[in-house]
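Position 8 of the sequence shown, counted from 1, bears residue number 8 in my numbering, the numbering being contiguous throughout. Below: one structure, written as structure tokens.
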Amino acid sequence: MTDESFLGNALNGIDAKGRLSVPAAFREVLAARSDGRTLILAPAERADCLVGYDSSYPAKVRAELEARFAGDYSGARDDHFRATFGAAERVPIDENGRIIVSSAMKGTGEFDRLALFWGMGDYFEVWNPLHFVERPNLDPRAIRIVQRLLDARGTA
Numbered sequence: 001m002t003d004e005s006f007l008g009n010a011l012n013g014i015d016a017k018g019r020l021s022v023p024a025a026f027r028e029v030l031a032a033r034s035d036g037r038t039l040i041l042a043p044a045e046r047a048d049c050l051v052g053y054d055s056s057y058p059a060k061v062r063a064e065l066e067a068r069f070a071g072d073y074s075g076a077r078d079d080h081f082r083a084t085f086g087a088a089e090r091v092p093i094d095e096n097g098r099i100i101v102s103s104a105m106k107g108t109g110e111f112d113r114l115a116l117f118w119g120m121g122d123y124f125e126v127w128n129p130l131h132f133v134e135r136p137n138l139d140p141r142a143i144r145i146v147q148r149l150l151d152a153r154g155t156a
């Protein structure tokens, strides 16, 4: 991986066909880290959102899990690997910078018409913006940022 990080945030619409524009800054990171034509979406482990990352990132996750479960071949290990890799989807990015969010991912993220992208360094999160601001202990600055994004779209 390069030193490129997923930084910043964006609020984008999801159309009736599930098309969602990936922020240009995030597409630049994807291109710097991999081919830039594909991203991976998966349910987040510790939050009610999706996580997105480049195609080289699963190798890092697999290495971390192998270290965490070294010598452990229990059902718990298998369940964790299933949840991490089996629920992930490789999603092509079209020439306009859009992806199609599958119905499974759309349901997992509980998306309606809007998706909030939130940079997390090595990866990014994709939230229903209303769920994001309801997180306990969320920094008030983050709430204000999302509120301004919603206000700008006339959806607050």
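The beta-carbon is built from N, C-alpha and C at its ideal position, and this holds for glycine as well. If you're wondering where the values come from, they're calculated on a predicted model, not measured in any experiment.
(message) Quick check: the Cα distance between residue 30 and residue 36, rounded to an integer number of angstroms?
(response) 5 Å
(request) Find the nearest neighbour of residue 92 within the set 20, 6, 7, judged by alpha-carbon distance. (result) 20
(message) Among 108, 112, 115, 22, whose alpha-carbon lies nearest the alpha-carbon of residue 95?
(response) 22
(request) Could you work out which residue in 74, 11, 124, 5 is closest to residue 45 when comparing CA atoms only? (result) 124
(message) Can you tell me where the alpha helix (DSSP H) holding residue 61 begins and where it ends?
(response) 57-68
(request) Determine the extent of the alpha helix (DSSP H) in which residue 98 is found, giving its start and end residues. (result) Element bounds for residue 98: not the alpha helix (DSSP H) but the beta strand (DSSP E), 98-100.
(request) Using only alpha-carbon positions, find the residue among 104, 119, 87, 127 that is nearest to residue 113. (result) 127
(message) For residue 21, report the span of its beta strand (DSSP E) as first-last.
(response) 19-21
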